[in-house]
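Chemist:
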Ligand SMILES: [Zn+2]
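In this note's numbering, the protein residues as written are 39 to 111.
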């Protein structure tokens with residue numbers, strides 16, 4: 039498993055996450071109006087808070103350490 043790069047701030051995302059489709063669609067429309075399908079947790083939570091939605095509903099996390107990202111055993 040590797041870290042993804044946020045398409046908004048272009049930082050590596052150490053903690054991936056998944057949320058219900060309706061939550062993702064709302065946040066993506068605000069945070070990534072043009073292109074891209076990856077947000078880091080910081081950009082996601084910021085946009086979710088601006089929208090005043092319960093972005094924490096059914097959220098799941100997928101942490102990826104540096105060592106895992108680099109594939110080091
Ligand atoms: Zn970001």
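Just so you know, even glycine gets a beta-carbon here, dropped at the ideal spot from N, CA and C.
Please read these numbers as outputs of a predicted model, since none were measured by experiment.
1) Taking the beta carbon of residue 48 as the centre, do at least 16 other beta carbons fall within 10 Å, making it buried, or is it exposed?
2) Just the Cα atoms here: how many angstroms apart are residue 96 and residue 57?
3) Give the DSSP bridge partners of residue 100, in chain order.
4) Can you tell me which of the three DSSP states residue 105 falls into?
5) Please work out which residues of its chain come closer than 8 Å, Cβ to Cβ, to residue 87, disregarding the five sequence neighbours upstream and downstream, and give them in chain order.
Modeler: In this structure, then:
1) Classification for residue 48: exposed.
2) Distance from the CA of residue 96 to the CA of residue 57, rounded to the nearest whole angstrom, comes to 6 Å.
3) 54, per the DSSP bridge assignment.
4) Residue 105: helix per DSSP, three-state reduction.
5) Listed in chain order, the non-local C-beta contacts of residue 87 below 8 Å within the same chain comprise 93, local neighbours out to five positions each way being set aside.
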